[in-house]
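In our numbering, each residue carries its 1-based index in the sequence shown increased by 11.
Working notes, structure below.
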Amino acid sequence: MRALELKGVSKSFGKTEVIRNVDLTVEDGEFCVFVGPSGCGKSTLLRIIAGLEDASAGDIVLDGQRMNDVAPAKRELAMVFQSYALYPHLTVRDNMGLALKQAGKSRAEIKAASDKAAEMLSLGPLMDRRPAELSGGQRQRVAIGRAIVRRPKLFLFDEPLSNLDAALRVATRIEIARLHRELGATMIYVTHDQVEAMTLATRIVVLRDGRVEQVGAPMALYNDPDNVFVAGFIGSPQMNFLKAAALGERGQTLGIRPEHLEISRQSGQIAAQVTHVEKLGGETLVYARSDVHGLLTTRLFGEQDFAVDETVYLTPVAARAFHFDAEGQRLR
Ligand SMILES: Nc1ncnc2c1ncn2[C@@H]1O[C@H](COP(=O)(O)OP(=O)(O)O)[C@@H](O)[C@H]1O
Ligand SMILES: [Mg+2]
C-alpha cells in the first residue's frame, strides 16, 4: 500500500515558485528523508503534505485518497517540529494526552496510550513535570510522544533534532530509528543534515531549489549519484572534484571521495602541498593544494603523520571515480 503520493506538486509564494513539479511515492512503513540545503523547500513540501499549506498545483494522495481539500486535522498524520510547541501550563502527561482528550477518548484510553508512549521514550518518571522542568532533549521526546499517542498513519518530522546539542542529537536519532522499527510506521523526516539523512532513511529524497534531484537508498546515493549536486551534498568530508581534462579523463569533472584518493610521499598522479592535517583519532584527514585542481581532501585510516607544507602525490582510485559533464550530469 502506498502511504503517500505526490503528483506534479508545485507551490508559489507570490511570483516565486519554491516547489517545482514534485512527483514522489512513499510506501507503507518507509522512513523517507527529505534532505537539501536551507531554503530548498523541505519544510514547505512537508507542510503541503500536512495540509498547513495549499499546493498551487498537483495532487496530494494519502492512503489512496486525494487530500488537497481535506483539513489537516482529518489527514490522520502527526507532525513534530524543531520547536517543541508544548503547552507550558500542562504536565507531560496532559501534553501527551491532549489530542486524544480533544477527540473525546475515555480517560482510561488516554492513560493507556500515554503510558505506552512514555515507556517507549523513557518518559515514565517525568510524567508529572511541566515543560519548563525538562531538558531540550526531554521536551523533544515529549513532542514525539504526543505524536505517537495519536497513532497516526503518517509521522512528519521537521528538523526535530536541530535544537539539541551534538551528543543528544545522536542519542535521539538512534531513538527515532528504534521507534520507526517498533511502530512499523511510515515516517517523513526533513533535515539539512546529510548525516541524519544517511543514518535514518530507508530512502532519501535530495531537494534543490524546489526540485527533486535524486531519490534512492542512502548507500545508493553515496555510491551512485546522478549529478555533481548529489555527489557533493551526500558524504562528509565532501567529494573532491578534479579537472577531468588535466587527468586525461572523459567529461568535465572527475569526482573522487576522500577515502578513494590515495596519498604518497614518493609518486602519484597529482602533486600537491599539504595545507592542513586533522587527526580525528580513528582517521586522519589530509588537506593538500594542487595548482591544477585546487584544495583536495584525503581520508586515511588511523593516525597518519603528514605535516603541513610537505609535498605529496595524490592518485584517484580509478574504479571509484565518477565522471560528470559540463552541466554536472553523471556520465556512465
Ligand atoms: N510563507 C512564505 N512566504 C513567502 N516565502 C516563503 C514562505 N515560506 C517559505 N518561503 C520561501 O520558500 C523557500 C523554501 O522555504 P522552506 O520550505 O522553509 O525551506 P527549507 O525548509 O528547505 O529551509 C524559501 O526561499 C523561503 O524563503
Ligand atoms: Mg525548513
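Every residue, glycine too, gets a C-beta built ideally from N, C-alpha and C.
Values in this document were obtained by computation on a predicted structure and should not be read as measured data.
For residue i, is the classification buried or exposed, using 16 other Cβ atoms within 10 angstroms of its Cβ as the cut-off for buried?
i	result
residue 59	buried
residue 298	buried
residue 236	buried
residue 198	buried
residue 54	buried
residue 100	exposed
residue 75	exposed
Nearer than 8 Å: is that true of the beta carbon of residue i relative to any heavy atom of ligand 2?
i	result
residue 201	yes
residue 21	no
residue 94	no
residue 116	no
residue 54	yes
Using a Cβ-based criterion (distance less than 8 Å to any ligand heavy atom), does residue i qualify as near ligand 1?
i	result
residue 244	no
residue 171	no
residue 290	no
residue 62	no
residue 275	no
What's the gap between the Cα of residue i and the Cα of residue j?
i	j	result
residue 7	residue 342	Coverage of the chain is limited to positions 12 through 343, which leaves residue 7 absent and any answer about it impossible.
residue 81	residue 16	15 Å
residue 111	residue 160	8 Å
residue 200	residue 223	15 Å
residue 226	residue 204	16 Å
residue 195	residue 166	11 Å
residue 267	residue 13	37 Å
residue 348	residue 295	The structure shown has nothing for residue 348, since the chain only spans 12 to 343.
In the DSSP assignment, the beta strand (DSSP E) including residue i goes from what residue to what residue?
i	result
residue 89	88 to 91
residue 229	Residue 229 -> not in any beta strand (DSSP E); alpha helix (DSSP H) instead, spanning 229 to 234.
residue 335	333 to 335
residue 211	Not the beta strand (DSSP E): residue 211 falls in the alpha helix (DSSP H), residues 205 to 211.
At which residues does the alpha helix (DSSP H) containing residue i begin and terminate?
i	result
residue 180	177 to 194
Report task. Count the CB pairs spanning the stretch 40 to 48 and the stretch 196 to 210 that are closer than 8 Å, and state whether there are at least three. Result -> yes
Query raised in the report: Can you find at least 3 beta carbon pairs, one from the stretch 169 to 179 and one from the stretch 126 to 145, that sit closer than 8 Å?
Result: no
**Report entry** Cβ contact check for the stretch 325 to 340 and the stretch 232 to 252: 3 or more pairs under 8 Å
**Finding:** Contact holds: three or more Cβ-Cβ distances are below 8 Å.
Requested in this report: Could you tell me whether the stretch 87 to 95 touches the stretch 151 to 158, using the rule of 3 or more Cβ pairs below 8 Å?
Outcome: Because the criterion of three Cβ pairs below 8 Å is met, the stretch 87 to 95 and the stretch 151 to 158 touch.
Query - At least 3 beta-carbon pairs within less than 8 Å: the stretch 214 to 221 vs the stretch 29 to 37 - result: yes
Query raised in the report: Do the stretch 117 to 130 and the stretch 101 to 109 make contact, defined as three or more Cβ pairs closer than 8 Å?
Result: yes
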